[in-house]
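Going by the UniProt record's numbering, 73 is the number at position 73 of the sequence shown; the sequence numbering is gapless. Everything below concerns the one structure shown next.
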Amino acid sequence: MKPLVNSEDEEVCRVSDALKSDFDYPMVNIPSGEIELRDDRTKRIWKAQIRPFLLAQYPVTMELYCEITGKSPTSIDRNQKPVVNISWNEAIYLCNLLSQKAGLNECYSISNDSDEIICDWESDGYRLPSEAEWQYACKARTTGYRYGEIDKIAWYNENSEGEIHEVGQKEPNAWGLYDMVGNAWEWCWDLYDENVYGSYRIFRGGSWAEEARGCGSSCRRRSHPSFCIDDLGFRLSRSF
Numbered sequence: 001m002k003p004l005v006n007s008e009d010e011e012v013c014r015v016s017d018a019l020k021s022d023f024d025y026p027m028v029n030i031p032s033g034e035i036e037l038r039d040d041r042t043k044r045i046w047k048a049q050i051r052p053f054l055l056a057q058y059p060v061t062m063e064l065y066c067e068i069t070g071k072s073p074t075s076i077d078r079n080q081k082p083v084v085n086i087s088w089n090e091a092i093y094l095c096n097l098l099s100q101k102a103g104l105n106e107c108y109s110i111s112n113d114s115d116e117i118i119c120d121w122e123s124d125g126y127r128l129p130s131e132a133e134w135q136y137a138c139k140a141r142t143t144g145y146r147y148g149e150i151d152k153i154a155w156y157n158e159n160s161e162g163e164i165h166e167v168g169q170k171e172p173n174a175w176g177l178y179d180m181v182g183n184a185w186e187w188c189w190d191l192y193d194e195n196v197y198g199s200y201r202i203f204r205g206g207s208w209a210e211e212a213r214g215c216g217s218s219c220r221r222r223s224h225p226s227f228c229i230d231d232l233g234f235r236l237s238r239s240f
């Protein structure tokens with residue numbers, strides 16, 4: 001489980017000061033690299049090349065959600081907990097809305113005539129991470145199923161007491177990312193298997209309600225882009 005981090009990574013993987021938006025939500029510089037992915041259902045294994053990108057240090061909180069949308073929180077004590085009950089479709093909309101508010105270019109083009117959504121990976125706006133980006137950042141060049149002991153890094157069904165928790169309460173990974181495993185599942189951009197599941201999108205990471213085996217860097221789940229539930233949220237990403 002030892003992290004394989006060199007001095008170059010330590011320089012790159014830090015909270016970005018130069019690229020913060022007006023919302024001042026901390027983003028971490030993730031270095032380039034390669035990641036191997038696997039689908040346990042089909043036994044397919046493939047590799048993906050990762051370009052440098054930015055990933056939020058925490059999942060989107062209720063506080064940030066309210067700042068993006070202009071809505072009022074339902075209760076003050078939930079402000080720093082991950083926002084959940086967010087569908088993939090809503091996450092895409094919120095990324096574009098935050099880009100507008102921050103004066104950045106939108107990543108997503110949404111057709112009025114169809115359900116097609118196109119991502120501009122060269123845009124400087126907010127977006128969902130790709131599945132490969134998410135897993136690469138989660139592992140932070142560690143070699144195990146998780147980047148640490150589960151009770152130290154994650155809220156899951158054996159320690160969460162049946163509820164979601166404030167972000168940043170568990171240990172981060174080697175690149176300073178919190179709650180990548182447990183607490184709330186996180187939507188990714190990718191289709192799961194278009195030939196079999198159509199428009200179903202991928203989510204990753206496990207949650208407060210999930211068993212330990214579901215809280216790992218390579219566990220893949222999928223659902224319809226309109227699906228939402230009380231342990232599924234999202235994390236912001238940006239290209240640069």
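Think of the CB as a built atom: it goes at the ideal place given N, C-alpha and C, for glycine as much as any other residue.
For this session: Kindly indicate if chain D contains any beta-carbon less than 8 Å away from that of arginine 127.
Result: This model lacks chain D altogether, as it is built from one protein chain only.
For this session: State buried or exposed for tryptophan 121, treating a residue as buried only when at least 16 other CB atoms are found within 10 Å of its CB.
Result: exposed
Problem set entry | Identity of the residues DSSP links to arginine 201 by a beta bridge | Leu191 and Ser223
For this session: For lysine 71, count neighbouring C-beta atoms within 10 Å of its own C-beta (all shown protein chains included) and say buried if the count is 16 or more, exposed if not.
Result: exposed
Exercise. How is the alpha helix (DSSP H) around asparagine 96 delimited, first residue to last?
Worked result: 88-101
Exercise. Hey, phenylalanine 227 and proline 52: beta-carbon distance below 8 Å or not?
Worked result: With respect to the 8 Å criterion, phenylalanine 227 and proline 52 are not classified as neighbours on the basis of their beta carbons.
Problem set entry | Nonlocal neighbours in the same chain, by C-beta distance under 6 Å from leucine 98, ignoring five residues either side | Excluding sequence neighbours, leucine 98 sits near Ile68 and Tyr126.
Exercise. Going by Cα to Cα distance, which pick from Gln135, Tyr147 and Ala140 is closest to leucine 37?
Worked result: For leucine 37, the closest alpha carbon among the candidates Gln135, Tyr147 and Ala140 is that of Gln135.
For this session: Have a look at arginine 221 and aspartate 24 and give me their C-alpha separation to the nearest angstrom.
Result: 31 Å
Exercise. Are the beta-carbon atoms of tyrosine 147 and glutamate 210 separated by less than 8 Å?
Worked result: no
Problem set entry | Distance CB(isoleucine 164)-CB(valine 84) smaller than 8 Å | yes
For this session: State the Cα-Cα distance for the pair glutamine 49 and serine 32, rounded to the nearest angstrom.
Result: 8 Å
Exercise. Closest by CA to aspartate 193, which one among Cys107, Asn173 and Arg41?
Worked result: Arg41
Exercise. Between glutamate 171 and glutamine 80, is the Cβ-Cβ spacing less than 8 Å?
Worked result: no
For this session: Counting only runs of 3+ residues fully inside the region 103-140, write out the beta strand (DSSP E) ranges in chain order.
Result: 108-110 and 117-119
For this session: Return the first residue and the last residue of the alpha helix (DSSP H) that isoleucine 150 is part of.
Result: 150-153
Exercise. Measuring CA to CA, which of Ser109, Cys95 and Ile110 is closest to glycine 103?
Worked result: Cys95
Problem set entry | Same chain, Cβ closer than 8 Å to lysine 47, five either side skipped, listed in chain order | Glu34, Ile35, Glu36 and Leu37
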